[in-house]
Amino acid sequence: MIFKVKIFYNKIFCLTLHRYLTVKIKQRKNKMKIILVGATGFIGKAMVNKLLENKHEVVVLARNTRSAEKQLPASAKISVWNPELEVLSKQLNIADVLINLAGEPIADKRWTAERKKSISESRIGLTGTLVEALKKCSNPPKLFIQASAIGVYNSKSNALYTETSEIKPTNFVTNLVHETEVTAMKAQAIVERVAIMRIGLVLGKNGGVLQSFLPSFRNFAGTWLGSGKQAFPWIHLNDICRIAIHIIENEGSKGVYNAVAPGNLNAKEFSKALAKVMKRPVWFGVPGFLLKLVFGELAQEVLLTDIKPLPEALLKENFKFQFTEIEAALNDILKTDKN
Numbered sequence: 101m102i103f104k105v106k107i108f109y110n111k112i113f114c115l116t117l118h119r120y121l122t123v124k125i126k127q128r129k130n131k132m133k134i135i136l137v138g139a140t141g142f143i144g145k146a147m148v149n150k151l152l153e154n155k156h157e158v159v160v161l162a163r164n165t166r167s168a169e170k171q172l173p174a175s176a177k178i179s180v181w182n183p184e185l186e187v188l189s190k191q192l193n194i195a196d197v198l199i200n201l202a203g204e205p206i207a208d209k210r211w212t213a214e215r216k217k218s219i220s221e222s223r224i225g226l227t228g229t230l231v232e233a234l235k236k237c238s239n240p241p242k243l244f245i246q247a248s249a250i251g252v253y254n255s256k257s258n259a260l261y262t263e264t265s266e267i268k269p270t271n272f273v274t275n276l277v278h279e280t281e282v283t284a285m286k287a288q289a290i291v292e293r294v295a296i297m298r299i300g301l302v303l304g305k306n307g308g309v310l311q312s313f314l315p316s317f318r319n320f321a322g323t324w325l326g327s328g329k330q331a332f333p334w335i336h337l338n339d340i341c342r343i344a345i346h347i348i349e350n351e352g353s354k355g356v357y358n359a360v361a362p363g364n365l366n367a368k369e370f371s372k373a374l375a376k377v378m379k380r381p382v383w384f385g386v387p388g389f390l391l392k393l394v395f396g397e398l399a400q401e402v403l404l405t406d407i408k409p410l411p412e413a414l415l416k417e418n419f420k421f422q423f424t425e426i427e428a429a430l431n432d433i434l435k436t437d438k439n
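Per the numbering used here, numbering through the sequence shown is continuous, rising by one, with the last residue being 439.
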């Protein structure tokens with residue numbers, strides 16, 4: 101009897117050990133080395149955490165390594181960003197995936213000629229540097245993910261845009277985003293997969309579009325921009341990170357993706373949802389002419405645009421959004437900031 105019990109427990113132990121080792125082997129097999137550029141930004145910090153949660157190895161290229169070390173988890177490896185192609189290509193050689201999230205903010209202040217030049221260099225120029233470095237790699241990453249924006253589409257009140265919609269740049273923003281994408285797509289001749297994420301209005305804690313609304317709403321002076329009828333193509337920060345994970349871990353994923361939540365929400369509806377979640381009033385819209393007076397081109401090309409993109413490519417790949425309803429997303433983000 102004792103002998104049979106021992107055999108039984110030995111079998112249980114062996115089965116448990118086998119399952120444990122199988123999981124560990126699978127995790128090791130799926131673990132990738134991912135290089136991230138632009139990791140200290142609003143999206144970048146969340147992306148680093150999500151990649152680490154998914155057991156990937158993360159290497160961050162940063163201009164200011166001390167600042168990056170303070171902002172990012174200790175398990176992320178920090179290396180100095182060096183635009184010299186020989187140095188950069190050696191860094192990229194060790195990676196399975198390259199993600200570029202870098203670029204100066206577009207909507208933080210009024211544009212001048214100098215400001216436009218700086219924005220362009222931080223996006224088109226830096227992306228070009230990465231592509232040139234990839235050309236010099238003896239063993240380039242298999243996947244290059246480039247952050248883009250829905251600003252590539254023209255503002256049209258009745259237009260619905262999918263990833264296959266024709267792109268016709270007409271102003272600074274559409275040209276900027278389009279040229280960045282064209283530059284990134286040159287990597288198709290080098291790596292196995294290139295993915296472009298056309299990112300919408302990202303909602304999350306401590307950054308993004310939501311932070312520009314919170315002060316006025318906290319002070320019982322909530323508003324919306326312009327008429328409020330223009331589209332508000334939003335996405336939760338966590339879903340942005342999950343989209344990147346989806347692309348990384350699905351070998352068939354490549355091409356252009358509209359990274360926005362499904363559905364149709366306008367600016368006034370967003371402000372009303374925010375008011376409801378924060379238990380604050382929302383009073384009126386800030387007139388478009390006033391925004392144009394203060395912000396110039398920035399108001400016309402960013403703040404008052406009416407762009408309705410659809411996440412068709414993601415839905416075709418059966419990607420499941422965690423947040424599809426604006427109130428649920430805002431409740432998640434503002435759990436401790438409603439009073």
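From the three backbone atoms N, C-alpha and C, an ideal C-beta is built for every residue, glycine too.
As the structure is a computational prediction, the values presented were derived from the model and not from experiment.
- Is there contact between the stretch 418 to 433 and the stretch 362 to 379, where contact requires at least three CB pairs shorter than 8 Å? yes
- Query: Excluding sequence positions up to five away, which residues of its chain have a Cβ less than 6 Å from the Cβ of G226?
  - Reply: Taking the sequence shown and counting its residues from 1, one reaches residue 226 at position 126. Just to set this straight, residue 226 is Leu in the shown sequence, not Gly. These residues qualify, in order along the chain: A202.
- Item | Whole-angstrom distance between I250 and L410, CA atom to CA atom | Sequence index remark: in the sequence shown, residue 410 carries index 310 (1-based). Sequence index remark: in the sequence shown, residue 250 carries index 150 (1-based). Near 10 Å, if we compare the C-alpha coordinates of I250 and L410.
- Kindly indicate which three-state DSSP category E157 falls into: helix, strand or coil? Within the sequence shown, residue 157 is the residue found at index 57, counting from 1. Three-state result, E157: strand.
- Look at the alpha carbon of S248 and the alpha carbon of N319, and state the distance between them as a whole number of angstroms. Taking the sequence shown and counting its residues from 1, the one referred to as residue 248 is at position 148. Taking the sequence shown and counting its residues from 1, the one referred to as residue 319 is at position 219. Cα to Cα, the separation comes out at about 34 Å.
- Task: Closer than 8 Å by C-beta to K124: which residues in its own chain qualify, once you throw out the five before and the five after it? Chain order, please.
- Result: As a position in the sequence shown, residue 124 is number 24, starting the count at 1. Caution applies to K124, whose pLDDT of 41 falls short of 50 and renders its modelled position unreliable; the value that the coordinates give is listed next. Counting only Cβ-Cβ distances below 8 Å, and skipping sequence neighbours, we find nothing.
- Mind checking which residues open and close the alpha helix (DSSP H) that includes T270? As a first step, residue 270 is located in the sequence shown; it is residue number 170 there, counting from the start. First-last for T270: undefined, no H or E at that position.
- Whole angstroms is fine: what's the gap from I199's alpha carbon to V294's? Within the sequence shown, the letter at position 99 stands for residue 199. Within the sequence shown, the letter at position 194 stands for residue 294. Cα to Cα, I199 sits roughly 10 Å from V294.
- Separation of K131 from T212, as counted between CA atoms: Mapped onto the sequence shown, residue 212 falls at position 112. Mapped onto the sequence shown, residue 131 falls at position 31. Distance between the alpha carbons of T212 and K131 is about 44 Å.
- Report yes if the C-beta distance between A413 and Y357 is below 7 Å; otherwise report no. Here residue 413 refers to the residue found at position 313 of the sequence shown. Here residue 357 refers to the residue found at position 257 of the sequence shown. Yes, Cβ-Cβ distance for A413 and Y357 is below 7 Å.
- Query: In three-state DSSP terms, what is D432?
  - Reply: Residue mapping note: residue 432 aligns to position 332 of the sequence shown, counting from 1. Note: D432 maps to helix in three-state DSSP.
- Query: Does DSSP classify S179 as helix, strand or coil?
  - Reply: Your numbering for residue 179 matches position 79 in the sequence shown. Three-state DSSP puts S179 in a strand.
- For R293, three-class secondary structure by DSSP: Stepping through the sequence shown from its first residue, residue 293 is reached at position 193. Correct three-state label for R293: strand.
- Query: What do you get for V394, buried or exposed, if any count of 16 or more other CB atoms within 10 angstroms of its CB means buried?
  - Reply: Taking the first residue of the sequence shown as 1, we reach residue 394 at position 294. Answer is exposed; the Cβ neighbour count stays below 16.
- Between the Cα of T447 and the Cα atoms of E292, R298, M285, which residue gives the shortest distance? Missing from the structure shown is residue 447; the chain here goes from 101 to 439 and no further.
- Message: Quick check on the DSSP output: what are the complete alpha helix (DSSP H) runs of length 4 or more inside the stretch 196 to 224, in order along the chain?
- Response: 213 to 220
- Cut-off 8 Å between Cβ atoms - residues of its own chain near N193, not counting five sequence neighbours on either side: By one-based count along the sequence shown, residue 193 stands at place 93. Only C237, S238, N239, P240 meet the Cβ criterion.
- Query: Less than 7 Å separating the beta-carbons of T140 and Q191?
  - Reply: Start at 1 with the first residue of the sequence shown, and residue 140 comes out as number 40. Start at 1 with the first residue of the sequence shown, and residue 191 comes out as number 91. No, Cβ-Cβ distance for T140 and Q191 is not below 7 Å.
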